[in-house]
Every structure is written in structure tokens, then in C-alpha cells.
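Novice:
Residue numbers (the working numbering): 1 to 531.
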């Protein structure tokens, strides 16, 4: 229809030089003038297409139209209030007059109230005794006639005074805006609707048709379509904010590039028993090729295996047989605490009398100057605050709050004589900086921390408390085999990255944050977090 409409406009201009009112046009396929607003919108599309080729010029004229209200539609169907009042009354001198009460019963209270007054004003009815009768034999229901005209055309020739009266009676709705157009010939006027060429093709060059073709002008001032740049995923935004919080609090970032760990560093060095359920196939992903890791330092390996099997450092151990095969299995790390164990082992190197500067240079800015032990001597220990944010893997059943691959926010603070109160105070400050005020702690059991605390945050979308992390103080059975002095305590915690992100962005299903259900538009439009 678009091309046919353009042709109609051009032919009309060719015949009459101008189109004074596009409402007089009869659109292709129609038998009536294009008086409706929908018709004018269709015409506007054709006009803009012709305008872009400088074939026409047009001016826009706004109109105001009215539509009947629900009450007005009743008048259209049954007649005005005054006409309905007149219709039920007897003719004067040809029957008993109808009392006002009887009139209300006949046509309803509201209709009788409005109709009686207006019928008197029009001279249609009169009083006879205590009742009412018709004063004339015929009437002209101008109200209904006016509404029919408004319903058909949106306007009324009778003028604004009548329209104001109908609006006051709430028979017509508020004004609706419309438009129509006056059209004139443009600089490139032609009755042909053939579109100018936009590109010079090989076929045009070969055939020579480019010589006689018309071309669309280039608009060198057009800005063009804005390119869509990349956008950070909400997880990356929250990750960067958490990273900045740690750096602000004086932490150094640990290297966590080892996705594959051995059972020794992921479990044994953390004093997790070799019979622990977390090491089962249903909880951990094991590698099939290669299956075994290289052996760790022999002296440290001996100390760890001994405390597991026979005890030591004040502990009775697990009194269970030690398996080298279990310790050497390669697996996808179940927590970044394995990386923390590597770093703590390096940090304790000087306490063991070994060279440590080269081993810890990558996170040296998070390590303080050497502190003295209880006897006042330098035992080589240096306090440290370290963190990492990276991926971990667990053989989880996926649901609204669990994935098999997720991120862990890991942190450790090593210093002399730390207490559980220090850990709780730190976690409250840390979460407050993240914008999470509602935090709870619950006593828990971890093989490598004692005491241990689970951390819960309130999720407003789920309307419940959600576990966001685990924490505690590393056991002497883990620290002393590494070489740390007895008065050194280490706070450790592992937090989820996904769950605080869900709370921050009001997401109630983790699969809409990570996975095939993620909305690309949602990623592009997610605001930066403001902790």
C-alpha cells in the first residue's frame, strides 16, 4: 500500500499543484475519505518517504476531536435523558398525568432527575395538577443527533458552546489530538515512485546504467547509528567492588591460577580427614588424565600425614589409616582455600628457617614488618592480610541458589593472638562496605577451623536468609605443621560472589545471572554497583 499511496499523492499534486487537506484523500482500497487519525498516520509515513527524496513539502495541522463517554453511548442508543422523560409521559388532555415518583420508576432516578429539568427548559413537557404531561406532540432530540455527529467525525459543526455543554453533562470525553497535512511539490518532484540508487554496483558499471540512474544524496552531517560497546557482567562489577574494598582495607591479592589441585593441598594440608564426605565423587570433580600429582615437600608431607594418622601439636589426630593415593589425586579445586594454604606455607618459610622473600614477593605489600614472639625474639613471623576472588568447582545439583561452577571470595588474616571477636567485627565492617547491613552468624563445624561460623545475609527478593559464606580460625593442626609459632592465629573465610550479586541486583534465581538464561540486555543495562 505504501507505494500505491505515494503514487496517489504524486498524481494528485500533478493534477492540482497542491493538496490542501489530506483528509479529502481516498486511500487505495478504501471508498471513504481518510478522515480518521489512523489514516493520517498512514499518510504521514508516505509523506516522509517522499520528503526524504525532496519530491514534496508538507505542513502539519493539529486537530482536536471528541469521543462519547459510556453515558454518551447510552444516549446514542436510547436517546437523551430529556427525550426519554418526554417519551413516557401522556399527551396533555389524553390521559392521567404522571407524577414525578411514577416518572422515576419508569425511567430511573438519575434519568428522570436530569431529563425532567431539560424537558421543561425545552418546552417539551408541562405540569397538569400534581403530575406531568407532554406539551408537544413531536420533538427533535438534538443531543442524540449531536452525539451521532461527534461519534462519526470526532467534531461538531454546531460549535464550541454545544461541545462545552456536552462535556459538562459528561456525555463526551476529553479532547483527543489528531493531525492532517497540506502538501506541495518539492524540488525533485516527479510522478515516478522509483527509488534512487544508494550504491554503485558492479552490474551497473558493466551495463552502463549508472550513467542514467538517479542517486540518493549522502548526508555527511548524519551521526549514524551508535556503536554498542562491551558491557561488564554484574558479577565482574561486584567482583571489582569487592576487590577495591579489600585493597582499601590493606589486603594483598593472592595468585589463584591453579584450577587443578592435589588432594594434599585441597584437603590434607587443611586438616580435612581423608574419609570426609566432601572428598567423595558426588561432591568433587576428579581428573582422569593425569590422575596423580607430583609429591610435595617431603618434610612437610610427613608432618601433615603424621598429625592426621597419629596426632601431634596437642591434637590426637583422626587415628585413621593414611592413604598416599588419596593424597595425590588430582581434582578441580573445591575452594580457593587451597591457594591460601600455599600462601600460608610460603609465609611460614622464614619461621621454619628457610628463605621466604622470593616466595612471597608477589603479595609482599600485604605482609607487615616482622613481629616479635612472646619471649621478645624475632621468630621470623610477619603478619599478613591476603585475599583472592576466583572460580571453584563442586559436583552440586543445580537449583535457584547453586551451580557446579561458581566464584569464591577468599581471605586470610594472620597475626598474633587474634580472637573470634576480631573475625566477627571484621566481617560486619566488610559486609557493611558492600551495602549489606543484615548479617547473621551461626556456629558451624569445619575440619580446618575452630571455632567456625556460617555467615547469612537477608535476601529481600527471596524474603529469607541466604548463606553467603563460611569462616573461622584455622586450627593449630593446620598452622603448626607449616611452621607458624604457637601464638599465631589466622582468620579464614570463604564467601560467595554470586549470592551477594543476586542480593545487590534483586535476582532470585542464580541461573538468570550465570548460564543460558542470562539476558544480554540485562547485562548491558545493569548499573554499576554502589557499595
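Backbone N, C-alpha and C fix where the C-beta goes; we use that ideal spot for every residue, glycine too.
Computed from a predicted structure; not experimentally measured.
Nearest-angstrom Cα distance between residue 331 and residue 339?
Specialist: 14 angstroms
Novice: For residue 260 and residue 307, I'd like the C-alpha separation in whole angstroms.
Specialist: Each residue's alpha carbon lies about 25 angstroms from the other.
Novice: Near residue 459, what residues of its chain come up, given a Cβ to Cβ distance below 6 angstroms and the 5 sequence neighbours on each side ignored?
Specialist: 466, 503
Novice: Within 10 angstroms of its Cβ, does residue 200 collect 16 or more other Cβ (buried), or is it exposed?
Specialist: Classified as exposed, residue 200 has fewer than 16 neighbouring CB atoms from the shown chains inside 10 Å of its CB.
Novice: Using CA atoms only, rank isn't needed, just tell me which of 348, 35, 51, 298 is closest to residue 217.
Specialist: 51
Novice: Within 10 angstroms of the Cβ of residue 412, are there 16 or more other Cβ atoms? Answer buried if so, exposed if not.
Specialist: buried
Novice: Round the Cβ separation of residue 161 and residue 64 to the nearest angstrom and send it over; I've been treating them as touching at under 8 angstroms.
Specialist: That belief does not hold up - the Cβ atoms of residue 161 and residue 64 are roughly 15 angstroms apart, past 8 angstroms.
Novice: Enumerate in chain order the residues of its own chain whose CB-to-CB distance from residue 483 is below 7 angstroms, with the five nearest sequence positions on each side excluded.
Specialist: Hits under 7 angstroms: 348, 351, 352.
Novice: Quick one: measure Cβ to Cβ for residue 119 and residue 92, integer angstroms, because I've assumed they're closer than 8 angstroms.
Specialist: Residue 119 to residue 92, Cβ: 13 angstroms. No contact.
Novice: From which residue to which residue does the alpha helix (DSSP H) around residue 161 run?
Specialist: 160 to 168
Novice: Return the CA-CA distance between residue 447 and residue 275, expressed in angstroms with no decimal places.
Specialist: 12 angstroms
Novice: In this structure, does DSSP put residue 473 in helix, strand or coil?
Specialist: In this structure, DSSP gives residue 473 an extended state, which the three-state scheme calls strand.
Novice: In this structure, how does DSSP classify residue 533 when only helix, strand and coil are distinguished?
Specialist: Nothing can be reported for residue 533: it is not among the residues displayed for the chain, which extend from 1 to 531.
Novice: Decide if residue 357 is buried, meaning its Cβ has at least 16 other Cβ atoms within 10 Å, or exposed.
Specialist: Unreliable positioning characterises residue 357 in this predicted model, as indicated by a pLDDT of 49, which lies under 50. A coordinate reading is not provided.
Novice: Three or more C-beta pairs closer than 8 angstroms, one from the region 189 to 196 and one from the region 45 to 60: is that the case here?
Specialist: Yes, the region 189 to 196 is in contact with the region 45 to 60.
Novice: Quick check: what's the CA-CA separation for residue 151 versus residue 67?
Specialist: 6 angstroms
Novice: Applying the 10 Å Cβ sphere with the 16-neighbour rule, what's the burial state of residue 390?
Specialist: buried
Novice: Can you tell me whether residue 179 is helix, strand or coil according to DSSP?
Specialist: strand
Novice: Would residue 183 pass as a contact of residue 41 if the rule is Cβ separation under 8 angstroms?
Specialist: no
Novice: Would the beta-carbon of residue 479 fall within 8 angstroms of that of residue 468?
Specialist: no
Novice: Report the rounded CA-to-CA distance for residue 80 versus residue 23, giving the unit in angstroms.
Specialist: 31 angstroms
Novice: Pull up the DSSP beta-bridge partners for residue 465, would you.
Specialist: In the DSSP output, where bridge partners are listed per residue, residue 465 has 458.
Novice: For a quick check, are the C-beta atoms of residue 181 and residue 102 less than 8 angstroms apart?
Specialist: Residue 102 sits away from residue 181, with the two beta carbons spaced by 8 angstroms or more.
Novice: Looking at the secondary structure, which residues open and close the beta strand (DSSP E) in which residue 442 lies?
Specialist: Residues 439 to 446.
Novice: Please list the segments of the alpha helix (DSSP H) lying wholly inside the region 76 to 149, counting only runs of 4 or more residues, in order along the chain.
Specialist: 81 to 88, 100 to 107, 109 to 122
Novice: Start and end of the alpha helix (DSSP H) containing residue 264?
Specialist: 263 to 266
Novice: Here's the rule: buried if 16 or more other CB atoms are within 10 angstroms of the residue's CB, otherwise exposed. What is residue 382?
Specialist: Under this definition residue 382 is a buried residue.
Novice: Across which residues does DSSP place residue 453 in a beta bridge pair?
Specialist: 443, 471
Novice: Does any residue of chain D bring its CB to less than 8 angstroms from the CB of residue 450?
Specialist: Although the question refers to chain D, the structure presented lacks it and comprises just one protein chain.
Novice: Measure how close the beta-carbons of residue 457 and residue 439 come, nearest whole angstrom, since I'm counting them as under 8 angstroms.
Specialist: 6 angstroms
Novice: Residues in the same chain with beta-carbon distance under 6 angstroms from residue 532, minus the five sequence neighbours each way, listed in chain order, please.
Specialist: Because the chain is modelled from 1 through 531, residue 532 falls outside the range shown and cannot be assessed.
Novice: Whole angstroms is fine: what's the gap from residue 305's alpha carbon to residue 264's?
Specialist: Computed Cα separation, rounded: 9 angstroms.
Novice: Once the 5 residues before and after residue 246 are set aside, which same chain residues still bring their CB inside 6 angstroms of it?
Specialist: 387
Novice: Taking 8 angstroms as the limit between beta carbons, can you name the residues of its chain near residue 328, skipping five residues before and five after?
Specialist: 262, 263, 264, 292, 293, 295
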